[in-house]
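Numbering (our numbering), first residue to last: 1 to 266.
Note that CB positions come from ideal geometry on N, CA and C, so glycine has one too.
Quick caveat: nothing in here was measured; it's all calculated off a predicted structure.
Since the structure comes first, as C-alpha cells, the remarks are kept for the end.
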Amino acid sequence: MLLASLFGVVMGLILGLTGAGGGILAVPALVLGLGWSMTQAAPVALFAVGSAAAVGAIDGLRHGLVRYRAALLIAALGAVFSPLGIYFAHQLPEKILMILFSLLMVMVAWRMLRRERQQEGPSDHGHASWGQKNCMLNEETGRFDWTAKCTATLAALGAVTGVVSGLLGVGGGFLIVPAFKQLTDVQMRGIVATSLMVISLISAIGVIGAFHAGVRIDSLGAAFIVASIIGMIIGRRLCARVPARALQAGFASVCLVVAGYMLFRA
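The structure is reproduced here in C-alpha cells:
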C-alpha cells in the first residue's frame, strides 16, 4: 500500500510539472513495482492519470489557459478510437504489450532530450515561431481560426491518442504536448493546461470502457489513484520553480532505465 502510494505521488507530480509523461510511468510502476499484468495495470493507470489530470485541468480553466474547444474535439475522437485500443490490448500477448510500451518510452525520452527551440512571447497568445502552422491563433480574439486544415489536424491527433490510450493505458500527454508545440502557435502554459484537459477526458472514457468489460479496482489501485491526485496538486504548485530543462533530462533518463528493464523482463 505504501509503495503504491509512493508511485502514485511521483506520477502525479510529473504530470503536474510537465502536462505529459506521468501516465507513461504509471503502468511500469504497477507492472514492475507491484507485479501486476499489463491488462490489470492499464485501467488503474488510466483512472489515476485521468483523476490527476482533471485537477490540473480545472486549475487551467480557472486561469483561462485551456483551449477547451480543441480539447473537446481531440477527446471526442479519442472516445471513438479508445475502444479499438482496448480491444487490441486484450488480443495481444503480454510480452508484445510490454515491448510496445518500452519502445514508446524510448520515443518519449528521445523527444524530451532533444533541445526545443525557444518560443518567444510571455503571453499565452503567442505567434508562430516558424512559417504558417496548421492551427493559428487569431490575434484579435486569441482563439483558434477553425480552418478545415486545423480541424482535420486536431481530429487526427485525437484518433491516434485514443488508440494508444486504450492499448497501453496512458493518457496521451506525451503525444499531445509535442504535437501542439509543432502544429500550433499556443504558448507552453496553454499547451500544458489543454493537454491535461484532454488527458482527463480520454482517460475517463477509457476507464468507463474498462469497467464495462468487467475490470474492478482494488484497495491498492485506489491508494495509487488518491496519491496521484495529491502529487498533481503539489506538481502544479511547483511547476513555476523547477527548471524545465533539468526536469526533461531527469524524466527522460528515468524513461530510458525503465524501458530497458521492461524490455529485459519481456
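| Asked | Found |
| --- | --- |
| For the 8 angstroms Cβ check, are there 3 or more pairs between the region 68–86 and the region 151–165? | yes |
| Using beta-carbon positions only, say whether L46 and F101 come within less than 8 angstroms of one another. | no |
| To which residues of the same chain is K149 closer than 6 angstroms at the C-beta, ignoring the five residues directly before and after it? | N134 |
| Which ranges would you report for the alpha helix (DSSP H) in the region 151–188 if only whole runs of at least 4 residues count? | 173–183 |
| Please state if the CB of I202 and the CB of T161 are separated by a distance shorter than 8 angstroms. | yes |
| Confirm, please, whether the CB-CB distance from A109 to A267 is below 8 angstroms. | No answer is possible for residue 267: the residues shown for the chain start at 1 and end at 266. |
| Per DSSP, which residues does F144 bridge with? Please list them. | L137 |
| Pop quiz: M38 and V27 are said to be a contact at Cβ under 8 angstroms. What is the actual Cβ separation, rounded to whole angstroms? | 7 angstroms |
| Can you tell me whether K95 is buried or exposed? The criterion is at least 16 other CB atoms within 10 Å of its CB, across all chains shown. | exposed |
| Considering Cα atoms alone, identify which of A41, L220, I230, L256 is closest to G16. | I230 |
| Cα separation between G172 and D145? | 24 angstroms |
| Rounded to the nearest angstrom, what separates I225 and L113 at their Cα positions? | 29 angstroms |
| Keeping to the same chain, check which residues put their C-beta closer than 6 angstroms to that of M197; ignore five residues upstream and five downstream. | A57, V66, A71 |
| Using the C-alpha atoms, what's the distance from T184 back to H125? | Here H125 scores only 45 on pLDDT, less than 50, and its place in the model should not be relied on; the value that follows carries that caveat. If I take the Cα positions, the gap works out to 11 angstroms. |
| Are the CB atoms of V49 and I199 nearer to each other than 8 angstroms? | yes |
| Under 8 angstroms, do G142 and P83 count as touching if we go by C-beta distance? | no |
| Would you please state the rounded distance, in angstroms, between the beta carbons of G12 and A227? I believe it to be under 8 angstroms. | 7 angstroms |
| Is A266 closer than 8 angstroms to I99 when the C-beta atoms are compared? | yes |
| Just the Cα atoms here: how many angstroms apart are L97 and T147? | 37 angstroms |
| Applying the 10 Å Cβ sphere with the 16-neighbour rule, what's the burial state of A213? | exposed |
| Could you name the residues of the same chain whose beta carbon sits closer than 6 angstroms to that of A79, not counting the 5 residues immediately before and after it, in chain order? | I205 |
| Buried or exposed, going by whether 16 or more other CB atoms sit within 10 Å of the CB of Q187? | buried |
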